[in-house]
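Have a look at the structure below, then the notes.
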Amino acid sequence: MGIPRIALVTGANQGLGRALVEGLAARLGPDDLVLLTGRDARRVADAAGEVARAPATRARVEGRVLDVVHASSVAALAAELAERHGGVDVMISNAIMRLLPEVSQAAQADEFIDVSNSATHAVLRSFGPVLRDGGRLLVVASTLGSLGHLPARLRPLFDGASLDGVERAVESWREAVRSGTARDEGWPRWLNVPSKVAQVAAVRAVAAERRERDLATGTLVASVCPGMVDTATSRPWFADFSAARSPARAARAVLDLVSADGVDPALHGELVRFGEPLPWHGGTPPTEQDRLLTP
């Protein structure tokens with residue numbers, strides 16, 4: 001009998017996060033543990049109970065309250081899992097704040113950056129060191145995470161940056177939004193663009209530092225793009241959902257990375273979409289889309 005595997009998903013009450021928990025619970029074994037996390041205790045308990053009782057579930061499923069905007073809480077959970085279980089095998093950072101089209105982007109920026117970016121930094125710092133050999137640390141991002149989606153003058157802030165450097169760039173962006181200078185500095189109006197680029201850059205920074213050991217031990221650190229997912233978070237922003245995937249279907253490609261034997265070196269540190277790496281320097285600034293979105 002092997003050592004029980006420990007998996008954790010953030011932002012897992014509903015949508016893609018819940019589908020990832022369901023998939024992990026079905027793919028892992030009876031001795032393994034999947035932690036469904038979120039910040040609302042009642043919703044966490046209800047969701048975890050439903051997944052635990054589902055016919056396809058094989059692994060143990062538990063709910064844990066975790067507000068990812070508090071770095072100390074993220075660190076405490078990582079330390080607890082390291083002490084109790086010797087580390088974690090799967091960490092999927094999926095938490096996101098729902099943006100509302102009827103509210104200005106600037107008014108939503110602080111909380112959005114906290115949930116999408118500051119939390120990503122906390123997860124990478126706290127869970128990277130406790131990831132066991134052969135483990136998976138995945139950050140859910142999107143195709144907007146390619147560097148080319150930023151104007152050329154902003155790209156050096158993220159290209160080749162350390163995690164500390166990415167964090168400084170994010171805080172510079174946040175301050176520009178607060179002060180009303182973001183547009184003059186070239187930052188896209190749509191928060192998702194710099195946020196996703198920063199998420200991917202943060203993953204790249206951490207992965208670069210640990211690449212040699214990770215490849216030797218079959219460990220994967222990467223960001224992932226699940227494609228367009230039909231959820232309450234994305235529906236207000238798109239008129240045509242004919243190509244959208246259900247959360248369960250979108251989760252499969254992410255879970256295939258978790259289940260794969262070994263690690264393809266071409267995927268380590270990259271933004272992975274349906275099993276293939278996306279070019280870091282790809283993409284173009286979404287200027288037309290930007291003009292259509294709430295300023």
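For the sequence shown, the positions run 1 to 295 when UniProt numbering is used. No residue lacks a Cβ here, since even glycine has one placed at the ideal position from N, Cα and C.
Which residues bound the beta strand (DSSP E) around residue i?
| i | result |
| --- | --- |
| V130 | Unbroken run through V130: none, as it is neither H nor E. |
| D89 | V88 to S93 |
| residue 305 | Nothing about residue 305 can be reported from this structure: the residues present for the chain run from 1 to 295 only. |
| R64 | R60 to V65 |
| R98 | Unbroken run through R98: none, as it is neither H nor E. |
| A222 | L220 to C225 |
| L271 | L271 to R273 |
| P30 | First-last for P30: undefined, no H or E at that position. |
| E276 | E276 to L278 |
Report the option in the options whose CA atom is closest to the CA atom of residue i.
| i | options | result |
| --- | --- | --- |
| G15 | A253, A248 and W187 | A248 |
| L28 | R43, R60 and R42 | R60 |
| G148 | P194, V263 and G134 | P194 |
| L20 | R153, E167, V69 and N94 | N94 |
| A47 | R178, E62 and L77 | E62 |
| W280 | L66, D264 and A205 | A205 |
| V139 | A7, P129 and Q199 | Q199 |
| G160 | D110, V197 and E80 | V197 |
| L81 | D114, R136 and A7 | A7 |
| V74 | G227, V123, T57 and P30 | V123 |
| W190 | V254, A169, S162 and A109 | A109 |
| V221 | R18, P129, A25 and S172 | P129 |
| A52 | L24, H70 and L66 | L24 |
| F158 | T181, A182 and V203 | V203 |
| T284 | R155, H70, L66 and I92 | R155 |
The alpha helix (DSSP H) that contains residue i, what's its start and end?
| i | result |
| --- | --- |
| G23 | G15 to R27 |
| residue 334 | Residue 334 lies beyond the stretch modelled for the chain, which goes from 1 to 295, so this question has no answer here. |
| T181 | Unbroken run through T181: none, as it is neither H nor E. |
| residue 296 | Lying outside 1 to 295, the shown extent of the chain, residue 296 is not represented and no answer is given. |
| R204 | N192 to T217 |
| V254 | P247 to S259 |
| V74 | A71 to H85 |
| E111 | Q105 to I113 |
Tell me, please, whether the CB atom of residue i is closer than 8 Å to any CB atom in chain C?
| i | result |
| --- | --- |
| A260 | Checking the listed chains, one finds no chain C in this structure; it contains a single protein chain. |
Do residue j and residue i have their beta-carbon atoms positioned less than 8 Å apart in this structure?
| i | j | result |
| --- | --- | --- |
| C225 | L150 | no |
| D40 | P4 | no |
| V68 | A119 | yes |
| P277 | A260 | no |
| R64 | V44 | yes |
| G38 | A12 | yes |
| G269 | A201 | no |
| A56 | A79 | no |
| A54 | E22 | yes |
| I113 | R210 | no |
| V166 | T219 | no |
Output the distance between the C-alpha atoms of residue i and residue j, rounded to the nearest integer angstrom.
| i | j | result |
| --- | --- | --- |
| V103 | R252 | 33 Å |
| S126 | I96 | 18 Å |
| T217 | D133 | 5 Å |
| V258 | V9 | 12 Å |
| V177 | L36 | 33 Å |
| A106 | D164 | 24 Å |
| R152 | S142 | Here residue 152 turns out to be Ala, not Arg, going by the sequence shown. Cα to Cα, A152 sits roughly 20 Å from S142. |
| S146 | A250 | 20 Å |
| S116 | N192 | 9 Å |
| R168 | G227 | 29 Å |
| R273 | S223 | 9 Å |
| H85 | L77 | 12 Å |
| G2 | L255 | 20 Å |
| R42 | G275 | 35 Å |
| W187 | R58 | 46 Å |
| R291 | L131 | Residue placement at R291 is flagged as unreliable, the pLDDT there being 40, under the threshold of 50; the coordinate-derived value follows with that caveat. If you take the alpha carbons of R291 and L131, they lie about 42 Å apart. |
| D184 | H121 | 27 Å |
| E111 | S162 | 23 Å |
| P30 | G17 | 21 Å |
| V34 | L144 | 29 Å |
If we count the other Cβ atoms within 10 Å of its Cβ and call it buried at 16 or more, is residue i buried or exposed?
| i | result |
| --- | --- |
| D214 | buried |
| L100 | exposed |
| S72 | exposed |
| S179 | exposed |
| E171 | exposed |
| R136 | buried |
| R98 | exposed |
| G282 | exposed |
Just checking residue i against the ligand GDP - is the residue's beta carbon closer than 7 Å to any of the ligand's heavy atoms?
| i | result |
| --- | --- |
| A78 | Annotation note on the ligand GDP: not contained in the displayed structure, which lists no ligands. |
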